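As structure tokens, the structure follows; a few thoughts come after it.
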Amino acid sequence: MIDLAGRHTRISFYGGVHEIGGNKFLVEDKGTRVFLDFGNQMGREKEYFSEYTKPRMLNGMGDLFEFGLLPKLHGLYRRDYATHMDFGGNEGTAFDAVLLTHAHVDHAAYIHYLRPDIPIYCTEATKIILQALQQTSQDGDEYITFKESFRIHKNERSGEMVRTANRDGALENTRNYVIVEPFKKFKIDSIEVEPLPVDHSVPGVCGFILYTSKGTIAYTADMRFHGRRAEDSEKFVDSCGAATPDILLCEGTRVDETFTETEMQVEQDAKSIIEKTERLVVCSYPTRDLDRLLSFYNAAKSAGRVLVIDMKQAYLLKLFQQSENWKSVYPAPDGKYIEIYIPRKKWGILGKDLDVWTKKILCEDYQKWEQEFLDYQNRTDYSEVSAHQKELVFSCNDFQLKELIDIHPEAG
Ligand SMILES: [Zn+2]
Numbered sequence: 245m246i247d248l249a250g251r252h253t254r255i256s257f258y259g260g261v262h263e264i265g266g267n268k269f270l271v272e273d274k275g276t277r278v279f280l281d282f283g284n285q286m287g288r289e290k291e292y293f294s295e296y297t298k299p300r301m302l303n304g305m306g307d308l309f310e311f312g313l314l315p316k317l318h319g320l321y322r323r324d325y326a327t328h329m330d331f332g333g334n335e336g337t338a339f340d341a342v343l344l345t346h347a348h349v350d351h352a353a354y355i356h357y358l359r360p361d362i363p364i365y366c367t368e369a370t371k372i373i374l375q376a377l378q379q380t381s382q383d384g385d386e387y388i389t390f391k392e393s394f395r396i397h398k399n400e401r402s403g404e405m406v407r408t409a410n411r412d413g414a415l416e417n418t419r420n421y422v423i424v425e426p427f428k429k430f431k432i433d434s435i436e437v438e439p440l441p442v443d444h445s446v447p448g449v450c451g452f453i454l455y456t457s458k459g460t461i462a463y464t465a466d467m468r469f470h471g472r473r474a475e476d477s478e479k480f481v482d483s484c485g486a487a488t489p490d491i492l493l494c495e496g497t498r499v500d501e502t503f504t505e506t507e508m509q510v511e512q513d514a515k516s517i518i519e520k521t522e523r524l525v526v527c528s529y530p531t532r533d534l535d536r537l538l539s540f541y542n543a544a545k546s547a548g549r550v551l552v553i554d555m556k557q558a559y560l561l562k563l564f565q566q567s568e569n570w571k572s573v574y575p576a577p578d579g580k581y582i583e584i585y586i587p588r589k590k591w592g593i594l595g596k597d598l599d600v601w602t603k604k605i606l607c608e609d610y611q612k613w614e615q616e617f618l619d620y621q622n623r624t625d626y627s628e629v630s631a632h633q634k635e636l637v638f639s640c641n642d643f644q645l646k647e648l649i650d651i652h653p654e655a656g
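Position one of the sequence shown corresponds to residue 245 (my numbering), numbered consecutively onward.
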């Protein structure tokens, strides 16, 4: 906890100290209580949980409380979980805002547990990425909308108490997002906040300068100086200098690293490797790192090839196309140098005779958000990738490695 010279403005750290991510910094000023990020402590969480032993929903926040992975604070968490686990839930909301710097899980994942009426301030891009995360993942994290859990009601006919089913999304609610414009200051009660974009491995990141009643706090967010928007980071440094902060909250995983390769160098390297490659080029990068996607897209295009992306990336690009601010920054999912890879799923009907199996049965192999891509003109599959190996750059992350069995790349 940092007390600004005992003058009643406090910062408490509930994660993100001596570890990578997990940031949950609580700033209190004259009764105003604002969280800076609300992420999961990936390293510490792995000491207790894994893909196969996840925190149980039936226990609300309890499994995470048990190991100190969430702070035990009343008036913060969603009422359905809090009441179900006997951790209050009927008290008033005691927190005024979450200032979210970006959409990486170590900064945003535990939004799922927050009360939906607490406003979440973030950029448009951050909200878009969280929307894609929620709609395309299977783990049920509720970033944008949430469904009230553990509700029961009396069945009119039998008079019995039964669980309330979420028919037609009746229990679905929307969280309270406030989109911030870069450089445009806003107020949360006694605190004035200045949002400033910085460069990082995901779009839409912004640091904040908080002008409290007793001092100025600058928070860098995850930032770097070697990406496509390095200028934003430089500008942030200048703004910080001008604001003369009393406290600087800074994070970085490569602070003492001497080696730097810029994103433009990555693009150049990718291009020269693609040009030297005779057959299929296979690449991998984080799904939501759209600046890296752009590097491979540009490299593929200038080497005369087409980039093949997966459906999650296609969905994300589709959402970015709906934004006036972003649609010219990243390629459209149905663009000329993009193809969307449809993998075989569930029964593996793709590639079989649809006169026998029918389109309807094929669609049943896919989730709702995936089905629209089956009708895209630029969709592709293993047999087409296999037949056009010299013309493609195939994006293939660890989860998709098995696709190479179907594609059967030739040597070279
Ligand atoms: Zn990050």
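Backbone N, C-alpha and C define an ideal beta-carbon position, used for all residues, glycine too.
Given the structure is predicted, the values throughout are model-derived calculations rather than measurements.
Alpha carbon to alpha carbon, how far is residue j from residue i? Give it in angstroms, no decimals.
i	j	result
residue 515	residue 653	20 Å
residue 440	residue 484	10 Å
residue 328	residue 268	24 Å
residue 647	residue 631	14 Å
residue 250	residue 321	Here residue 250 scores only 49 on pLDDT, less than 50, and its place in the model should not be relied on; the value that follows carries that caveat. Each residue's Cα considered, the two are about 29 Å apart.
residue 521	residue 444	30 Å
residue 332	residue 304	12 Å
residue 429	residue 499	29 Å
residue 286	residue 277	25 Å
residue 636	residue 419	41 Å
residue 255	residue 494	14 Å
residue 353	residue 377	10 Å
residue 456	residue 318	24 Å
residue 486	residue 461	13 Å
residue 427	residue 524	44 Å
residue 506	residue 476	15 Å
residue 450	residue 345	5 Å
residue 490	residue 463	11 Å
residue 349	residue 402	45 Å
residue 583	residue 386	30 Å
residue 539	residue 511	5 Å
residue 301	residue 335	21 Å
residue 650	residue 604	23 Å
residue 415	residue 617	29 Å
With distances taken from CA atoms, which of the options is nearest residue i?
i	options	result
residue 488	505, 453, 521 and 436	453
residue 236	561, 633, 404 and 357	Examination of residue 236 is not possible in this model, given that the chain is present from 245 through 656 alone.
residue 466	266, 252 and 253	266
residue 296	383, 423 and 476	383
residue 529	547, 317 and 554	554
residue 533	335, 302 and 639	639
residue 557	312, 271, 372 and 337	372
residue 369	410, 655, 337 and 423	423
residue 252	260, 258, 273 and 264	273
residue 668	279, 262 and 264	Since the first residue shown for the chain is 245 and the last is 656, residue 668 is missing from the structure and cannot be characterised.
Which first and last residues belong to the alpha helix (DSSP H) in which residue i is found?
i	result
residue 449	Run containing residue 449: none; DSSP gives neither H nor E here.
residue 536	534 to 546
residue 387	Residue 387 -> no alpha helix (DSSP H), and no H or E assigned at all.
residue 504	Per DSSP, residue 504 belongs to no alpha helix (DSSP H) and is neither H nor E.
residue 309	306 to 310
residue 483	474 to 487
residue 349	349 to 352
residue 604	603 to 607
residue 376	368 to 380
residue 626	626 to 631
residue 650	647 to 651
Note the first and the last residue of the continuous beta strand (DSSP E) segment covering residue i.
i	result
residue 254	253 to 257
residue 555	That residue, residue 555, is in no beta strand (DSSP E); its alpha helix (DSSP H) goes 555 to 565.
residue 398	396 to 398
residue 324	No beta strand (DSSP E) holds residue 324; the alpha helix (DSSP H) holding it covers 323 to 328.
residue 639	636 to 639
residue 583	582 to 585
Give the C-beta separation of residue i and residue j to the nearest angstrom, bearing in mind that I take them to be a contact with Cβ-Cβ under 8 Å.
i	j	result
residue 234	residue 433	It is not possible to answer for residue 234, since the shown part of the chain is limited to 245 through 656.
residue 544	residue 518	6 Å
Could one say the Cβ of residue i lies closer than 8 Å to chain C's Cβ atoms, at least one of them?
i	result
residue 384	The structure shown contains no chain C; it holds only a single protein chain.
Task: Validate contact between the region 394 to 411 and the region 350 to 368 using beta carbons, cut 8 Å, 3 pairs - done: no
- [ ] Evaluate the contact criterion for the region 618 to 625 versus the region 579 to 597: three or more CB pairs, one atom per stretch, below 8 Å.
- [x] Judged by Cβ distances under 8 Å, the region 618 to 625 makes contact with the region 579 to 597, as three or more pairs qualify.
Task: Cβ pair count under 8 Å reaching 3, the region 559 to 567 against the region 590 to 600 - done: no
Task: At least 3 beta-carbon pairs within less than 8 Å: the region 284 to 299 vs the region 463 to 477 - done: The region 284 to 299 is not in contact with the region 463 to 477.
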